[in-house]
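Just below is one structure, and these are the notes that go with it.
Numbering (the numbering used here), first residue to last: 6 to 460.
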């Protein structure tokens with residue numbers, strides 16, 4: 006039991022997966038827990054409410070805690086803004102403001118590998134987990150990937166590795182978090198509704214290596230100038246990956262093969278590019294990053310290659326659904342920003358019917374539309390951003406546009422417009438929160454609709 010938390014008073018804000026897991030873990034650690042969520046009580050899951058009442062947790066639904074409440078620690082869920090009045094008030098009264106990731110790190114005994122970036126986090130995290138498992142290491146794949154870190158932190162033994170996908174939201178509330186190997190895959194404009202500026206967004210990402218030292222490793226994308234520059238800010242040993250050129254230390258492509266260069270300058274071949282079972286240059290970048298992370302965590306290059314060959318991708322990331330009348334349907338619901346949709350478009354050669362739109366994160370769609378070239382035959386738009394995307398497309402002279410009310414209409418229109426040889430690609434470039442709880446729900450709905458189409 007973590008004695009530093011025992012008997013403390015904690016407020017958990019936000020009862021999503023992270024908040025619920027944090028509540029359960031804190032209760033096991035003997036913490037006096039209060040919870041708060043922006044939803045009304047009748048909007049909450051009945052089983053959750055019953056559980057909270059049964060263990061004596063004070064709950065505030067759609068209201069702030071009482072003014073007289075004083076907390077030692079406030080645990081913020083990733084999706085909760087930090088500038089809420091009652092959080093500021095708790096801080097003034099002496100509460101420490103952290104997130105579930107920070108608490109998980111403090112109470113766990115395993116070694117952390119932390120992976121962040123605007124795009125590719127989940128695929129890279131899953132792939133690293135596959136490689137570690139191939140190496141017979143005791144491995145937990147956790148974090149923003151859908152498994153709360155704290156849910157495994159309590160059970161992870163000393164010899165375990167926690168392969169952790171971390172978002173900028175999670176990193177904002179870290180203080181002592183110290184991974185052995187950290188990685189920043191890329192940084193492009195995203196979450197401007199939260200961070201306001203790219204500078205603030207980059208600073209949030211850079212917290213991943215804040216507590217590292219020269220015995221640790223920071224893996225950085227050599228081809229992304231803003232990421233490569235971060236080498237100047239970390240105390241850890243910088244390891245790079247590149248799809249374009251040889252790097253001083255790390256992983257790159259040479260003569261059609263993925264190659265690792267170690268600290269002594271020796272090179273090791275890992276896998277031929279043509280043997281990588283994931284489509285697209287963006288996935289090649291993910292593989293390069295995973296190789297660097299795994300090698301500098303002490304895994305043999307031969308085992309790394311085996312792990313890559315065995316990997317079959319992640320649901321909702323360029324996921325093949327089915328073919329109907331010669332038309333392929335692809336689910337890329339995880340594309341929640343314009344840059345990830347650009348990457349998806351680049352993975353295909355031509356004849357794309359693109360379904361886009363969703364929650365407004367204040368992104369610009371100019372670069373996305375300009376990436377269409379001759380690949381995109383038609384765009385089908387839905388959600389709150391439909392009009393904004395349409396306006397940018399028309400501004401750039403693209404007029405094959407249909408706006409629909411929901412996903413069933415989008416799939417119906419795509420089915421009617423597609424011809425043999427076309428690919429219907431759901432790659433929204435936006436978050437899902439205006440119509441769905443998360444991108445997984447959106448992707449599953451798309452797959453259900455596509456699987457219901459008649460040949």
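All C-beta atoms in this analysis are idealised placements derived from N, C-alpha and C, irrespective of residue type, glycine included.
Margin query: So if DSSP puts residue 440 in a beta bridge, which residue, or which two residues, is it bridged to?
Written below: Note: residue 440 sits in no beta bridge, so no partner.
Notebook entry, point to check: Using CA coordinates, which residue listed in 54, 317 and 97 is at the minimum distance from residue 73?
Noted result: The residue with the shortest Cα to Cα distance from residue 73 is 97.
Next item on the list: Measure from the alpha carbon of residue 433 to the alpha carbon of each residue in 185, 276 and 415, then state which is nearest.
Entry: Comparing Cα positions, the closest option is 415.
Notebook entry, point to check: Between the C-alpha atoms of residue 429 and residue 341, what's the straight-line distance to the nearest angstrom?
Noted result: The alpha-carbon of residue 429 is positioned some 17 Å away from that of residue 341.
Next item on the list: Decide if residue 266 is buried, meaning its Cβ has at least 16 other Cβ atoms within 10 Å, or exposed.
Entry: Residue 266 comes out buried.
Notebook entry, point to check: Considering only residues of the same chain and omitting the five flanking positions on each side of residue 111, which have a CB-CB separation below 6 Å?
Noted result: None.
Next item on the list: From the DSSP output, in three-state form, read off residue 286 for me.
Entry: In the three-state DSSP reduction, residue 286 falls in the helix class (H, G or I).
Item checked: Exposed unless 16 or more other CB atoms sit within 10 angstroms - verdict on residue 331 -> In summary, residue 331 is exposed, with fewer than 16 beta-carbon neighbours lying within 10 Å of its beta-carbon over all protein chains present.
Notebook entry, point to check: Cα separation between residue 6 and residue 140?
Noted result: Its pLDDT being 44, under 50, residue 6 is placed unreliably in this model, and the coordinates cannot settle the point.
Next item on the list: Mark residue 36 as exposed unless 16 or more other C-beta atoms lie within 10 angstroms of its C-beta, in which case mark it buried.
Entry: Residue 36 should be labelled buried.
Next item on the list: For residue 448, collect the residues of the same chain with a Cβ closer than 6 Å to its Cβ; drop the 5 residues on either side in sequence, then sort them by chain order.
Entry: Short of 6 Å from the beta carbon of residue 448, and not among the five residues preceding or following it, lie these beta carbons of its own chain, in chain order: 321, 336 and 338.
Note to self: DSSP three-state label for residue 236, please.
What the structure shows: Per DSSP, reduced to three states, the secondary structure at residue 236 is helical.
Item checked: Which listed residue (343, 364, 390 and 354) has its alpha carbon closest to that of residue 375 -> Relative to the Cα of residue 375, the nearest Cα in the group 343, 364, 390 and 354 belongs to 343.
Check: Among all the DSSP beta bridges, which residues are the ones paired with residue 408?
Finding: DSSP output for residue 408 lists 386 as bridge partner(s).
Checklist line | Spatially closest choice to residue 104 from 253, 180, 121 and 145, by CA coordinates | finding: The shortest C-alpha to C-alpha distance from residue 104 to any of 253, 180, 121 and 145 is the one to 180.
Checklist line | Straight-line Cα distance separating residue 400 from residue 390 | finding: About 15 Å.
Next item on the list: List the endpoints of the continuous alpha helix (DSSP H) containing residue 129.
Entry: Its alpha helix (DSSP H) spans residues 126-139.
Next item on the list: Closer than 8 Å by C-beta to residue 233: which residues in its own chain qualify, once you throw out the five before and the five after it? Chain order, please.
Entry: Excluding sequence neighbours, residue 233 sits near 225, 226, 227 and 245.
Item checked: Contact under 7 Å by Cβ, residue 323 with residue 362 -> Going by C-beta atoms, residue 323 is not nearer than 7 Å to residue 362.
Next item on the list: Rounded to whole angstroms, what's the CA-CA distance from residue 235 to residue 211? Just pull it up for me.
Entry: For the pair residue 235 and residue 211, the Cα-to-Cα distance works out to about 7 Å.
Next item on the list: Pair every Cβ in the region 154-168 with every Cβ in the region 115-133, then say whether three or more of these pairs are closer than 8 Å.
Entry: In short, these stretches touch, since the Cβ pair count reaches three.
Check: Do the CB positions of residue 171 and residue 121 come within less than 7 Å of each other?
Finding: Yes; because the gap between Cβ atoms is below 7 Å, this pair is in contact.
Check: Between residue 107 and residue 78, is the Cβ-Cβ spacing less than 7 Å?
Finding: No; because the gap between Cβ atoms is not below 7 Å, this pair is not in contact.
Check: Thinking C-alpha only, which one of 205, 351, 75 and 65 is nearest residue 378?
Finding: Here the closest residue by C-alpha is 351.
Next item on the list: Identify which residue in 81, 28 and 87 has its Cα closest to the Cα of residue 58.
Entry: Of the candidates 81, 28 and 87, the one whose C-alpha sits nearest the C-alpha of residue 58 is 28.
Next item on the list: List in chain order: all unbroken beta strand (DSSP E) runs of 3+ residues lying wholly within the region 294-369.
Entry: Runs of the beta strand (DSSP E) inside the region 294-369: 324-329, 332-336 and 357-361.
Item checked: Straight-line gap, residue 308 to residue 136 (C-alpha atoms, nearest Å) -> When only Cα atoms are considered, residue 308 and residue 136 end up about 7 Å apart.
Item checked: Neighbourhood of residue 174 by C-beta, 6 Å cutoff - its chain only, sequence neighbours within 5 removed -> So the list reads 83, once near-sequence residues are dropped.
Notebook entry, point to check: Going along the chain, which residues of its own chain have a beta-carbon closer than 6 Å to the beta-carbon of residue 357, five neighbours each way excluded?
Noted result: The residues are 380, 381, 428 and 430.
Notebook entry, point to check: Do you know how far the Cα of residue 383 is from the Cα of residue 406?
Noted result: For residue 406 and residue 383, the distance between alpha carbons rounds to 6 Å.
Next item on the list: Report all residues from its chain with a CB closer than 6 Å to the CB of residue 132; omit the five preceding and five following residues, and keep chain order.
Entry: Listed in chain order, the non-local C-beta contacts of residue 132 below 6 Å within the same chain comprise 295 and 316, local neighbours out to five positions each way being set aside.
Checklist line | Runs of alpha helix (DSSP H) wholly within the region 62-137 (minimum 4 residues, chain order) | finding: With a minimum length of 4 residues, the continuous alpha helix (DSSP H) runs that stay inside the region 62-137 are 90-97 and 105-112.
Notebook entry, point to check: So, residue 239 versus residue 214, is the Cβ gap smaller than 7 Å?
Noted result: Taking 7 Å as the Cβ cut-off, residue 239 and residue 214 qualify as a contacting pair.
Check: Is the CB-CB distance between residue 130 and residue 166 below 7 Å?
Finding: No, the Cβ-Cβ distance between residue 130 and residue 166 is not below 7 Å.
Item checked: Cβ-Cβ separation, residue 124 to residue 287 (assumed contact under 8 Å), whole Å -> About 7 Å separates the two Cβ atoms, so the contact holds.
Checklist line | residue 312 versus residue 62 - alpha carbon distance | finding: C-alpha of residue 312 to C-alpha of residue 62: approximately 44 Å in a straight line.
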